[in-house]
DNA sequence: TCTGGGGTCCTAGGACCC
DNA sequence: TCTGGGGTCCTAGGACCC
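Numbering (the numbering used here), first residue to last: 2 to 422.
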């Protein structure tokens, strides 16, 4: 038996935590670089502000209705998320952290009757609200796909108090008939369109389809979805996250970049960050990919997009080795005369640090000192006492992320801790 | 003028092997 | 005119998730 807990408008809820004045006001949160709207309060949704719309397209509406606008503050959201997960973890035998604002839980008692299950869902909600002021909804069902649907129903229908249980067959069928197939977990826009063209428009239609036919026309995963809709579990709880298979760091620039030196600074900065993530996970990488591209939306200017890979002689998480490879890759794809909008660095061929197998002659005495150097750099940067960085990252602010509406780091920086007077 | 970032998995097709 | 069958591995691209 699964319960899916999903926080409501999570980023907006985080921004409201220390701003009670925003509790009934329309609020939106923007993506990195203040590009798109990625979270909206109920009031903002009611104004017709869509998900993922570009900020500049709705600037007028936002101003007219005095909507509070925030840049993404991931430091804050990650910290609040960790607190949410800690609370949930203490309430159940096992759980899966599915995203920054969602978790699948195994119910404490598999065979609890309906009333007890609903009671548990309400307790989860109350605790998150009382201890953190974070509102959430709970969906309960025998499969993950059904728990997702139950959660969606809990969000739409206010009358059920934020908790919906879909174990009952009749209630399930009722909901299936009213719900468009595109709301099913795993059915995106493309699949939805294709399903509709085959006359499969509601969840009821999909649940009643032949699994074999679905597999032939689509994929094994959609076949599993059909089984899950019929109460037969195919997706299990993944309580310990698997090692990552790739690590990516990419950003759009605040302004277009035309000079090689600036692009190199950006690629260097992203490589440094990617290498930090790699070490946080205790992994090494043997391959690095660098990509650059011009703006994707311009119809008038010339487009250019390219990527290049470099293979390291041996798997490493040493920033200097990775920056060296990244710079070489960048040089091979750089073309002058373009206005670059975005660059990124991807690390692949990852392997746990301890399992890496250097070649017989790979380790020189210099390389043996590198882990200590990187440990020292990480320790300084995590100490809270200051930051050191690599020369190649540069110091100019021109291209770095735009964050004009950033809230304080209320819970992670001493000077930002709110004072109550 | 201005349009996010970070992931995973699956499939088709090509290259290659015997 | 007409050119096998069975298999693996890799990569690019697509689709999906939040």
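Where a beta carbon is used, it is the ideal one built from N, C-alpha and C, also for glycine. Note that this is a predicted model, so its numbers are computed, not measured.
- With respect to residue 193, residue 183 sits close: the two C-beta atoms are nearer than 9 Å.
- The C-alpha of residue 346 is placed about 35 Å away from the C-alpha of residue 137.
- By the criterion of at least three beta-carbon pairs nearer than 8 Å, the stretch 272-286 is not in contact with the stretch 255-262.
- With distances taken between CA atoms, residue 151 lies nearest to 2 out of 302, 349 and 2.
- Distance from residue 37 to residue 56 at the Cβ level is roughly 6 Å; contact confirmed, criterion being Cβ atoms closer than 8 Å.
- Secondary structure of residue 58 (DSSP, three-state): helix.
- One Cα belongs to residue 207, the other to residue 143, and the distance between them is close to 18 Å.
- In the three-state reduction of the DSSP assignment, residue 103 falls in the strand class, which pools E and B.
- Out of 170, 240, 179 and 351, the CA that lies nearest to the CA of residue 157 is found in 179.
- Secondary structure of residue 53 (DSSP, three-state): coil.
- With a cutoff of 9 Å on beta-carbon distance, residue 348 and residue 321 are scored as not near each other.
- Residue 146 sits in a helix when the DSSP states are folded into three classes.
- Annotated three-state conformation of residue 269 is helix, per DSSP.
- In the assembly as shown, residue 224 is a buried residue. Its beta-carbon has 16 or more other beta-carbons within 10 Å.
- Residue 165 is bridged by DSSP to 140.
- Annotation note: the stretch 247-292 contains the following uninterrupted alpha helix (DSSP H) runs of length 4 or greater, listed N- to C-terminal: 261-281.
- Around the beta carbon of residue 381, fewer than 16 other beta carbons lie within 10 angstroms, which makes this residue exposed.
- Note: residue 343 is bridge-paired with 253 and 294 in the DSSP secondary-structure output.
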